[in-house]
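S.K.: In this note's numbering, the protein residues as written are -18 to 770.
I have a structure here, written as structure tokens, and I will follow up with some questions on it.
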Amino acid sequence: LDESEPQRQWERQEMLVKKLQNTFPGLDKEELRDVLQEHNWVFHEALEALRVFAEDGDGVEFPPKNEASDWTEASTKSRIDECKEKPKQKSSGKEQNGFWKKDKGKKSIWSTKRETEDLENESASEDGGSSLDEDYSSGDEVMEDGYKAKILSFLQDASPSELTLIPQCSQKKAQKIIALRPFNSWEALFTKMTKTTGLSEDIIWNCKTLLKERDVVLKLMNKCEDISKKLTKQVTRITEDGGCGWNIEQPSILNQSLELKPYQKIGLNWLALLHKHGLNGILADEMGLGKTIQAIAFLAYLYQEDNRGPHLIVVPASTLDNWIREVHLWCPELNVLFYYGSQEDRKHLRVDINNKVVDFNVIVTTYNCAISSSDDRGLFRRLKLNYAIFDEGHMLKNMSSVRYQHLMTINAKNRLLLTGTPVQNNLLELMSLLNFVMPHMFSSSTSEIRRMFSSKTKSAEEQSVYEKERIAHAKQIIKPFILRRVKDEVLKQLPPKKDLVELCAMSEKQEQLYCDLLNKLKKTIDSSEKNSDMGNVMMQLRKMANHPLLHRQHYTADKLRTMSTLMLKEPTHCDANPDLIFEDMTVMTDFELHLLCKQYSHVNDFKLDMDQILDSGKFRALERILSDLKEKGDRVVLFSQFTMMLDILEVFLKHWQHKYIRLDGKTQISDRIHLIDQFNTDMGIFVFLLSTKAGGLGINLTSANVVILHDIDCNPYNDKQAEDRCHRVGQTREVKVIKLISKGTIEESMLKISQQKLKLEQDMTAADSGEEGTIPADIATLLKASLGL
-18 LDESEPQRQW
-8 ERQEMLVKKL
2 QNTFPGLDKE
12 ELRDVLQEHN
22 WVFHEALEAL
32 RVFAEDGDGV
42 EFPPKNEASD
52 WTEASTKSRI
62 DECKEKPKQK
72 SSGKEQNGFW
82 KKDKGKKSIW
92 STKRETEDLE
102 NESASEDGGS
112 SLDEDYSSGD
122 EVMEDGYKAK
132 ILSFLQDASP
142 SELTLIPQCS
152 QKKAQKIIAL
162 RPFNSWEALF
172 TKMTKTTGLS
182 EDIIWNCKTL
192 LKERDVVLKL
202 MNKCEDISKK
212 LTKQVTRITE
222 DGGCGWNIEQ
232 PSILNQSLEL
242 KPYQKIGLNW
252 LALLHKHGLN
262 GILADEMGLG
272 KTIQAIAFLA
282 YLYQEDNRGP
292 HLIVVPASTL
302 DNWIREVHLW
312 CPELNVLFYY
322 GSQEDRKHLR
332 VDINNKVVDF
342 NVIVTTYNCA
352 ISSSDDRGLF
362 RRLKLNYAIF
372 DEGHMLKNMS
382 SVRYQHLMTI
392 NAKNRLLLTG
402 TPVQNNLLEL
412 MSLLNFVMPH
422 MFSSSTSEIR
432 RMFSSKTKSA
442 EEQSVYEKER
452 IAHAKQIIKP
462 FILRRVKDEV
472 LKQLPPKKDL
482 VELCAMSEKQ
492 EQLYCDLLNK
502 LKKTIDSSEK
512 NSDMGNVMMQ
522 LRKMANHPLL
532 HRQHYTADKL
542 RTMSTLMLKE
552 PTHCDANPDL
562 IFEDMTVMTD
572 FELHLLCKQY
582 SHVNDFKLDM
592 DQILDSGKFR
602 ALERILSDLK
612 EKGDRVVLFS
622 QFTMMLDILE
632 VFLKHWQHKY
642 IRLDGKTQIS
652 DRIHLIDQFN
662 TDMGIFVFLL
672 STKAGGLGIN
682 LTSANVVILH
692 DIDCNPYNDK
702 QAEDRCHRVG
712 QTREVKVIKL
722 ISKGTIEESM
732 LKISQQKLKL
742 EQDMTAADSG
752 EEGTIPADIA
762 TLLKASLGL
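Quick look at the structure:
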């Protein structure tokens, strides 16, 4: 009896959770469990707490307080009756989450499937069939036995990596579970879990949570598969009927002197197909294939179909000028309003928009301007938009971010994401994008999606069977909503891109400084119980691997004391406190102190020699590489993560008399397009110096044919964005991408991890056996055939 007590306690707790779930169907089950735990599993206290929460504006209907006692005594039958009424609540015409609900006569192709499944679930409940969501009561023994069998089977057979997917199950606990096998019966399982140190019955009901999450994801996969089949069937019918007048050619309002490329016409037809079926999507063509142009062509198509907007386009600040140029070039007939400028400028624009003083089909704004203030956010919540298009959509990869939550409130019927890098670090980021474009389909499953796809993906060699299945599941889910083509497929005429890794031996002094820093940091880590500073440790090592002057090594404390005293002779510092000057100097890098010495005459003698500035392994390699490239007539785009590294690179380029221009995050938006035009027209400029973040998005630098990454990013997709500034439509020469990696440093590990992340994208976008191309190959191939391309 004692051994079965934990089991009975668990079942009682599950029953209480189910009771709350029947009362609050709009709340997540795990949240309800947390509330009960906070109130020591006292049901009426948890109920009252949730009512208070609801009264604060949650928007969910609850039974009146005076019905609470009756409800708590309600029978299973009354709860089933209550469930029958739930679909009526769902049919409300109110807006949900800022989105327009479809008219009853215009259901999207997934809604019928979803409603049918809901009805099937209801009828199953009425017939007494088993369901994972039914209450724990005497009539549920068949279901309970079935669920026990599932849990028993999973804990008996799961691999260590699968066991760690159970909430609160660490690697150590997973090994303990495996050591306890076999589990011959439910009672034996409970006994072993409760009697083993470090384990408890929590593992069992957390296992149930995991299995339910997997079931939710499988249902989602089935829905997505159904949508994919319907879309494929639609395109097949179009192809067989010779088009039936439905296929879309280039919209007539586009600039007639310009022509969409064949693959861009396929992209336009794919977007129109989604629109016809009430679906949103992600246009994820590889960088350089003209996603901007396809989006503009789609807006032109909508315009011709009498959908005049208003539409919204949200872009990074660095691509705003490019969007302005492309819209005016490709579709001058669209009336475009640019929502940009200071807070005062935007205030006047809001007044004009709200008073309907300005006429527009499209608003173009930046991510920052769309959400930076409550007034900005309020405008886009009130404005009834048809389409909201988000350029560089991978900026929405984190569904927990404030930016994501704010942008979710934009009041648009439809959404389209443009991104060249749909998969970056893990599958959850991709699911975040899907949830953003199709919230009415995915938002009810966000907690399950979060759990199932959040773990880091390993390289193919290290993947378990389950991890490979997880990638297959993700591919199945995304298939209807994403179109991705890569340049190798659609641009046969595009010159090749050659990737080169230049391993740079550090200079003798730099290597010694790196080893000293590494040993110092190791001691710091060993003496600290927390690893909260690991990110800082990594950054310090990266800086030393790039250039010693990014640290303070040359300017010792004694030198700084002398310099701080000499600074008092400067007119600007004659009344200053030398101790405070010294304190300020101690946090500066060698290069910053060098610039200080150049600025003030009394410390000018302390400035660095040119040999000290050039003392870097990467600079030695760069000197040789640039000399060879210049001799061949090549032109270079040189990227760095660090603005201070760009400062040092400027000194390097001036010393070797290489003509250059520079663009980084501090460059005014209005100046960026002029710098880009200057580089593309003035062939005398040999090097374009860029920061990876500011210069890696949405700009065209096809006049250069060599990309040098002085230092790689932790996220390889930022580097890919940078590379594709040159390797894109319009390039006529072979493109070389050269990555400078300091030998024997943390950069080699970063490179290895980057390659694993890129492999995840290949796994996700590669066609399955027997398919052609990338996702979704079948629809893209059929559209190509139907258009005769």
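Beta carbons are placed, not taken as given, at the ideal position from N, Cα and C, and that holds for glycine.
Going by beta carbon distance, what residues of the same chain come within less than 6 Å of L293, once the five residues before and after it are set aside?
M.R.: Cβ contact annotation for L293 (same chain, cutoff 6 Å, sequence separation greater than five): I344, L366 and A369, in chain order.
S.K.: Alpha carbon to alpha carbon, how far is R289 from N349? Give it in angstroms, no decimals.
M.R.: 26 Å
S.K.: Using only CA atoms, which one of S354, C485 and M625 lies nearest to L603?
M.R.: C485
S.K.: Among K200, S597 and T175, which one has its Cα closest to the Cα of Q(-10)?
M.R.: T175
S.K.: Does the Cβ of C496 have 16 or more other Cβ atoms within 10 Å, making it buried, or fewer, making it exposed?
M.R.: exposed
S.K.: Alpha carbon to alpha carbon, what distance is there between D469 and H708?
M.R.: 11 Å
S.K.: Do you know whose CA, among P232, Q638, L670 and N236, lies nearest G646's CA?
M.R.: L670
S.K.: Using 8 Å as the Cβ pair cut-off and three pairs as the minimum, do the region 323 to 340 and the region 308 to 315 touch?
M.R.: Judged by Cβ distances under 8 Å, the region 323 to 340 makes no contact with the region 308 to 315, as fewer than three pairs qualify.
S.K.: Buried or exposed for T570, going by 16 or more other Cβ atoms inside 10 Å?
M.R.: Counting the other CB atoms within 10 Å of its CB gives T570 a total of 16 or more, which places it among the buried residues.
S.K.: With 16 as the cutoff for other CB atoms within 10 Å, does G322 come out buried or exposed?
M.R.: Classified as exposed, G322 has fewer than 16 neighbouring CB atoms from the shown chains inside 10 Å of its CB.
S.K.: If you draw a straight line from the alpha carbon of S134 to that of R466, how long is it in whole angstroms?
M.R.: 41 Å
S.K.: Mark D556 as exposed unless 16 or more other C-beta atoms lie within 10 angstroms of its C-beta, in which case mark it buried.
M.R.: Here D556 is exposed. Its C-beta has fewer than 16 other C-beta atoms within 10 Å.
S.K.: Specify the secondary structure class of I370 as computed by DSSP and reduced to three states.
M.R.: strand
S.K.: So what does T683 bridge to, in DSSP terms?
M.R.: According to DSSP, T683 bridges with nothing at all.
S.K.: Which parts of the region 526 to 596 are runs of the beta strand (DSSP E), unbroken and 3 residues or longer, counting only runs that do not cross its ends?
M.R.: none
S.K.: Give me, in chain order, the residues of the same chain whose beta-carbon lies closer than 8 Å to that of K71; leave out the 5 immediate sequence neighbours on both sides.
M.R.: Annotation note: pLDDT 39 at K71 (below 50); position unreliable, no value reported.
S.K.: Fully enclosed by the region 323 to 368, which beta strand (DSSP E) runs are 3 residues long or longer?
M.R.: The region 323 to 368 contains these whole beta strand (DSSP E) runs: 343 to 347.
S.K.: Taking the alpha helix (DSSP H) that F660 belongs to, which residues open and close that run?
M.R.: I650 to T662
S.K.: If distances are taken between C-alpha atoms only, which option among N21, L146 and A253 comes closest to D191?
M.R.: Residue identity differs from the one stated: residue 191 is Leu in this sequence, not Asp. L191 has its Cα closest to that of L146, out of N21, L146 and A253.
S.K.: Compare the beta carbon distance of I594 and L530 with 8 Å and say whether it is the shorter of the two.
M.R.: yes
S.K.: L634 and S621: beta carbons closer than 8 Å?
M.R.: no
S.K.: Classify F620 as helix, strand or coil using the three-state DSSP reduction.
M.R.: Here F620 carries a strand assignment [DSSP, helix/strand/coil].
S.K.: Hey, how far is the Cα of D207 from the Cα of K214?
M.R.: 11 Å
S.K.: With burial defined as no fewer than 16 other Cβ atoms inside 10 Å of the residue's Cβ, what is the status of R(-7): buried or exposed?
M.R.: When all chains shown are included, R(-7) counts as exposed.
S.K.: Just grab the DSSP bridge partners of C485 for me.
M.R.: S723
S.K.: Out of curiosity, what's the CA-to-CA distance linking D590 and S545?
M.R.: 20 Å
S.K.: Assuming G262 and L388 form a contact by the criterion Cβ under 8 Å, report the distance between their Cβ atoms to the nearest whole angstrom.
M.R.: That belief does not hold up - the Cβ atoms of G262 and L388 are roughly 17 Å apart, past 8 Å.
S.K.: Going by beta-carbon coordinates alone, are L249 and Y284 separated by less than 8 Å?
M.R.: no
S.K.: Taking the beta carbon of A27 as the centre, do at least 16 other beta carbons fall within 10 Å, making it buried, or is it exposed?
M.R.: buried
S.K.: Do you know offhand how far I185's Cα is from Y128's?
M.R.: 11 Å
S.K.: Using three-state DSSP, classify L(-3) as helix, strand or coil.
M.R.: helix
S.K.: Within this structure, are the beta carbons of L398 and L411 separated by less than 8 Å?
M.R.: no
S.K.: In angstroms with no decimal places, state the Cα-to-Cα distance between S684 and R616.
M.R.: 7 Å
S.K.: Nearest by alpha-carbon distance to T402: which of K272, Q2, R358 and K153 is it?
M.R.: Nearest to T402 by C-alpha distance, out of K272, Q2, R358 and K153, is K272.
S.K.: Can you say whether V338 is buried or exposed, counting buried as having 16 or more other CB atoms within 10 angstroms of its CB?
M.R.: exposed
S.K.: Does H708 come out as helix, strand or coil in the three-state DSSP assignment?
M.R.: coil
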